[in-house]
RNA sequence: GAGGCUAUAGUUCAACGGAUAGAAUAAAUCCCUUCUAAGGAUUAGAUGACAGUUCGAUUCUGUCUAGCCUCACCA
């Protein structure tokens with residue numbers, strides 16, 4: 001990569017100053033008038049060298065090895081060194097991009113690493129809400145981005161199918177006396193258990209007797225009591241079928257579905273062993289990890305009734321995750337921030353149990369909540385926005401606002417929702433508002449896809465293939481070529497920062513640049529040489545948008 | 001009480017410690033005999049407060065203010 005080579009050259013140049021302690025930064029400047037890459041090393045060295053930064057910069061420039069891909073180097077104002085890459089290089093990149101050869105640089109963890117991404121994790125017997133939608137959009141993008149930069153990625157999903165919330169739902173069903181076998185369609189089933197969950201929760205809070213009964217049901221599930229298991233199994237399957245449809249709708253797939261119920265027994269065993277090894281300790285009838293020694297919270301792994309908590313089960317989950325697919329180099333858990341304490345503690349315990357296996361490999365990728373403008377979503381109050389419902393609403397909006405077929409509207413609706421979540425960083429909470437939060441114009445998926453469709457339409461009308469384009473670029477052409485060239489680096493950066501939004505924002509910038517270009521410059525009616533170059537740009541833009549969206553888990557359409 | 005996260009235009013979001021803080025949206029006006037107008041152009045608006053570190057701070061540090069989250073038997 002050109003970037004690496006420039007950094008290397010800077011390094012060589014700096015050697016002539018003797019031993020220096022400086023990080024070499026090199027980025028594309030925000031203003032393209034400052035070149036394709038810029039470094040501020042000279043400014044950073046002023047103190048060490050006790051010299052004027054401009055002088056240092058000049059000297060660095062003088063000592064740089066000669067290269068063919070750099071057209072111009074300038075030393076500017078306070079002491080920046082700016083680099084211009086040669087036009088041929090950009091043209092070359094565009095040509096490759098138009099053939100869908102992107103050559104994404106390898107992620108810094110190294111080539112061919114095995115990375116697990118654990119995401120989605122909805123709980124059965126509950127709705128798949130817009131928060132899950134944000135999670136699954138993020139997780140899916142992370143999977144694809146990390147694959148693109150040369151890793152073997154294993155997407156998995158950990159679904160909660162035991163626990164109090166399920167006991168609440170089953171309690172609701174038993175209380176209602178409803179004939180749960182009468183429900184036919186998935187929608188009926190889901191609505192039913194959703195309602196039952198809300199009722200069970202309310203009973204749990206208001207009614208002491210109900211609370212006791214729910215706790216009893218919870219134990220019955222753990223003990224696999226035949227009295228409750230058929231109902232549990234049936235309703236659990238309803239949820240899983242429904243989740244399966246959602247995964248399909250948003251094009252996510254998983255190599256493995258883990259269930260909390262799988263880890264109950266093994267969790268107990270591991271915790272008991274950890275107790276013997278002195279990693280966990282007894283306290284008030286429970287088995288806990290005393291985090292104080294490490295500046296962490298103390299958390300319960302086995303409660304005083306002898307059941308493993310979420311923490312206890314997590315140890316068994318990790319054991320399986322780190323063995324089932326061979327050795328893992330990295331495990332990314334896409335989970336909300338309130339579980340920070342939980343992960344810090346369980347990661348620590350894992351490290352103490354088997355440092356070689358777990359240390360520095362577990363990573364909690366925090367994605368923030370989707371709240372409602374009116375407050376937090378809560379199934380208890382029944383004011384949860386369901387994922388499918390949201391997509392349906394957007395789909396309707398698209399059909400109403402634009403003419404088009406149902407299938408296109410479906411693709412665009414899913415794209416709009418996913419993109420709305422992804423264009424925003426993972427770390428800011430979203431105050432969700434259906435009119436504001438899911439855009440179908442402006443910086444939105446339909447805008448990007450529209451740009452793609454526009455490119456395709458032009459290309460379809462072109463009689464000559466753009467493969468023979470030579471560089472004869474005006475300013476407009478060159479600017480787009482430079483932008484296109486940044487694509488591979490943006491993808492790498494997105495991986496390094498666990499940040500799909502970088503790709504989303506890049507694609508938006510590229511699209512708006514292309515649309516402006518399109519408006520100003522006729523492509524098909526241009527004189528031959530220019531036309532071929534413009535066609536090449538059009539083709540490369542289309543491919544980059546399509547590929548970029550694909551990395552975000554978003555499907556494009558060919559016509560709209 | 002302890003710890004963590006957040007604070008940028010009316011609103012929703014951007015900006016490895018870098019150069020003139022970018023967009024979208026809402027409003028007004030203009031551009032379809034011209035490659036898809038789901039597009040483009042023009043016009044206004046912002047770094048919570050106070051210090052500090054730095055050649056340079058939205059970004060780092062400290063204090064304050066406001067909001068959210070977590071801190072033992074839920075998941």
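Numbering (full-length UniProt numbering), first residue to last: 1 to 560.
Every residue, glycine too, gets a C-beta built ideally from N, C-alpha and C.
Tell me which residues share the same chain as residue i and place their Cβ nearer than 7 angstroms to its Cβ, disregarding the 5 neighbours each side in the sequence.
i           : result
residue 344 : 296
residue 221 : 162, 166, 167, 228, 232
residue 414 : 249, 250, 391
residue 106 : 149, 150
residue 491 : 104, 145, 148, 149, 503, 551
residue 204 : 168, 210, 211, 214
residue 395 : 409, 410, 413
residue 255 : 154, 155, 156
I need the DSSP call for residue i, collapsed to helix, strand or coil.
i           : result
residue 3   : helix
residue 180 : coil
residue 423 : coil
residue 24  : coil
residue 56  : helix
residue 150 : coil
residue 474 : coil
residue 565 : With the chain covering 1 to 560 only, the question about residue 565 has no answer from this structure.
residue 539 : helix
residue 43  : helix
residue 368 : coil
residue 357 : helix
residue 434 : helix
residue 256 : strand
residue 457 : helix
residue 301 : strand
residue 71  : strand
residue 398 : helix
residue 206 : helix
residue 99  : coil
Please work out which residues of its chain come closer than 6 angstroms, Cβ to Cβ, to residue i, disregarding the five sequence neighbours upstream and downstream, and give them in chain order.
i           : result
residue 350 : 318, 358
residue 530 : none
residue 498 : 365
residue 127 : 194, 384, 386
residue 74  : 82
For residue i, tell me which candidate among the options has the shortest Cα-Cα distance.
i           : options            : result
residue 7   : 372, 61, 30, 53    : 61
residue 485 : 10, 86, 68, 59     : 86
residue 82  : 141, 376, 256, 43  : 43
residue 269 : 300, 303, 316      : 316
residue 306 : 320, 314, 287      : 287
residue 63  : 40, 115, 31, 9     : 9
residue 22  : 30, 28, 32, 11     : 11
residue 455 : 131, 325, 517, 476 : 517
residue 505 : 534, 338, 549      : 549
Exposed or buried, residue i, counting other C-beta atoms within 10 Å across all chains shown (16 or more means buried)?
i           : result
residue 125 : buried
residue 210 : buried
residue 379 : buried
residue 519 : exposed
residue 422 : buried
residue 68  : exposed
residue 1   : exposed
residue 159 : buried
residue 65  : exposed
residue 189 : buried
residue 132 : buried
residue 206 : exposed
residue 532 : buried
residue 542 : buried
residue 48  : exposed
If contacts are defined as beta-carbon pairs under 8 angstroms, then residue i and residue j qualify, I think. What distance do you get, rounded to the angstrom?
i           : j           : result
residue 545 : residue 452 : 5 angstroms
residue 367 : residue 135 : 6 angstroms
residue 118 : residue 330 : Going by Cβ atoms, the distance from residue 118 to residue 330 rounds to 11 angstroms, so no, they are not a contact pair.
residue 458 : residue 538 : 5 angstroms
residue 510 : residue 483 : 5 angstroms
Closer than 8 angstroms by C-beta to residue i: which residues in its own chain qualify, once you throw out the five before and the five after it? Chain order, please.
i           : result
residue 560 : 402, 404, 408, 412, 446, 449, 450, 453
residue 561 : Lying outside 1 to 560, the shown extent of the chain, residue 561 is not represented and no answer is given.
residue 478 : 87, 90
residue 313 : 260, 263, 264, 267
residue 424 : 430, 501
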